[in-house]
Amino acid sequence: MERLIWDAHVCLPLSTETDVSDLLAYRRAGVGFLSLNIGMCMNPVAQIDPVIAHFSAAIDATEGLKRVRTVDDLEPGITGVAFDLEGARPLLGQAEAVAGFHARGVRMMHLAYNRNNAVAGGCHDAPMGLSALGRDVVAEANRLGVMLDLSHTGEASSFDIIEASDQPVVYSHANPAGLFDHARNISDAQMRAVAQQGGVVCPTGVAKFMGLDQPPGAADMMALIEYTLNVVGEEHVGVGSDMWFGQEGVDETPPDGTFDPHYWWPERYGYDHSGGELGGGYMAPQEWSVLPGLLDARLGARVVDLVLGQNMRRVAAQVWR
Ligand SMILES: [Zn+2]
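Counting in our numbering, the sequence shown runs from 19 upward without gaps.
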C-alpha cells in the first residue's frame with residue numbers, strides 16, 4: 019500500500035492563468051495529499067474568487083489530482099488537494115464568511131498573515147491578541163470543520179487561538195526558532211502548546227527561515243524534523259514545504275493597486291525584494307522522493323509514517339467536515 023505523504027502547504031501563482039499541472043510533480047514524488055494556497059491577507063476577494071474557481075476546474079480536469087473534502091476522499095495513487103487561506107482579511111470582517119470558503123473547498127486557514135488585522139495579530143507586527151471578532155471566527159471554523167493554522171500569526175494571538183479553539187490546531191509551515199532565529203519562526207513553547215491540544219507542527223522548506231542561501235534539500239528538512247520531534251514528540255510533527263512555483267508570464271500581483279510587498283514582508287526581517295523571490299528559495303517537490311528514505315534510515319518506518327502523513331491525517335479526520 020502507498021504510504022500516505024502529506025504536504026501541509028504548497029503555493030501556485032494566484033492567477034486564472036496558472037497551470038496547475040505543476041502539481042503533478044508531487045504525484046510523481048508519491049505525495050498523497052497537498053494543501054494548496056488560494057489567497058493571503060494581501061489578496062482582494064476579487065482575485066481570490068476567480069482563483070478558487072480556476073484551480074477547482076483545472077484540478078478536476080487533471081488526471082492524478084483530485085479535490086478532497088474529507089480524509090475519506092483520499093485515494094492511493096492520486097494526489098488529493100484541499101485549499102488553504104492565509105489570513106482573515108478576505109473575510110471582510112464577517113465570521114460568517116468562513117462558510118463561503120468552506121463550501122468551496124477551503125479546509126485550513128490562518129487568521130493573520132505577518133501583519134495585524136481586525137481578527138488577530140501577525141508575526142511581523144506589534145503584539146496583539148485575538149479580537150472579539152477573532153473569537154467568532156475561531157468558533158465558526160470549529161463549527162464548520164476548517165482547521166486553524168497558526169503560521170504567520172503573532173505569538174499572543176497564537177496562544178489565544180489555541181485557548182479559544184475546541185479543536186486541535188496546527189502550524190502548517192513554521193520552523194523552530196531554536197534552530198534559527200527569525201521572527202517568522204516559532205518558540206518551543208508555541209510548539210508545545212499546539213501539541214498539548216493534539217495538534218501538529220510542520221517544519222517548512224523555506225531557505226530564509228533556515229538561514230540558507232539556496233533551496234533546502236531533504237537533509238535540511240530532516241534536521242528540522244529531528245529538532246521538532248525532540249520538542250513535541252512523534253505524534254505531533256508533520257511537514258509543509260511552502261513550495262512556491264513561479265510560472266513564466268503569469269502575473270499574480272493583486273489587481274486593486276494597493277499591494278505593497280514591503281509592508282507584508284518587511285526588509286528589517288531580511289526579506290530581499292531585489293529578485294523575484296523573497297530570498298533563497300523553497301524545498302522542491304522532487305525532495306519528497308528522497309526524504310522518506312533518509313528519514314526511515316534515521317528514525318524507523320513507524321515514526322516516519324506518522325511524521326510524513328498520519329499525524330496530519332489524524333487531525334484532519336478529527337476536524338474536517
Ligand atoms: Zn505562508
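Where a beta carbon is used, it is the ideal one built from N, C-alpha and C, also for glycine.
- In terms of Cα proximity to P284, the closest of G123, Y131 and A47 is Y131.
- With a beta-carbon spacing of about 16 Å, H191 and Y287 fall beyond the 8 Å limit used to define contacts.
- By the criterion of at least three beta-carbon pairs nearer than 8 Å, the stretch 245 to 253 is not in contact with the stretch 107 to 117.
- Less than 7 Å divides the Cβ of V124 from the Cβ of L103.
- Rounded to the nearest whole angstrom, the CA to CA distance from S183 to L324 is 24 Å.
- Distance check between D40 and each of T171, A319, P303 and A236 places P303 closest, using alpha-carbon atoms only.
- By the criterion of a C-beta distance shorter than 6 Å, P273 is surrounded in its chain by Q65, once the five residues flanking it on both sides are discounted.
- Put simply, the backbone Cα of L42 is about 11 Å away from that of G50.
- N248 sits in a helix when the DSSP states are folded into three classes.
- Closer than 6 Å to some heavy atom of ligand 1: that does not describe the Cβ of E270.
- Between the C-alpha atoms of G327 and P186 there is a straight-line separation of about 16 Å.
- The three-state reading of DSSP puts W24 in strand, counting E and B together.
- Only exposed fits P279, as fewer than 16 other CB atoms lie within 10 angstroms of its CB.
- DSSP places A334 inside the alpha helix (DSSP H), whose first and last residues are N329 to V337.
- Between the alpha carbons of L83 and S259 lies a distance of about 18 Å.
- With distances taken between CA atoms, V28 lies nearest to T97 out of D90, A75, M60 and T97.
- Between M58 and A319, the alpha-carbon positions lie close to 35 Å from each other.
- Under the rule that a run must span 4 or more residues, the alpha helix (DSSP H) segments found entirely inside the stretch 221 to 265 read 236 to 250.
- Per DSSP, reduced to three states, the secondary structure at N160 is helical.
- Beyond the five residues adjoining it in sequence on each side, G48 comes within less than 6 Å, by CB distance, of I23 in the same chain, given in chain order.
- Within a 10 Å sphere around the beta-carbon of T276 sit fewer than 16 other beta-carbons, which makes this residue exposed.
- If you ignore the 5 residues before and after A159, its C-beta comes within less than 6 Å of the C-beta of V116 and L166, all in its own chain and listed in chain order.
- Shown in chain order are the residues whose CB sits closer than 6 Å to a heavy atom of ligand 1: E104, S169, H170, H191 and D260.
- Pairing E305 with L32 gives a Cβ-Cβ distance that is not under 7 Å.
- The stretch 54 to 93 is shown to contain whole alpha helix (DSSP H) runs of 4 or more residues at 63 to 78, in chain order.
- Straight-line spacing of the CA atoms in M239 and T246 works out to 11 Å.
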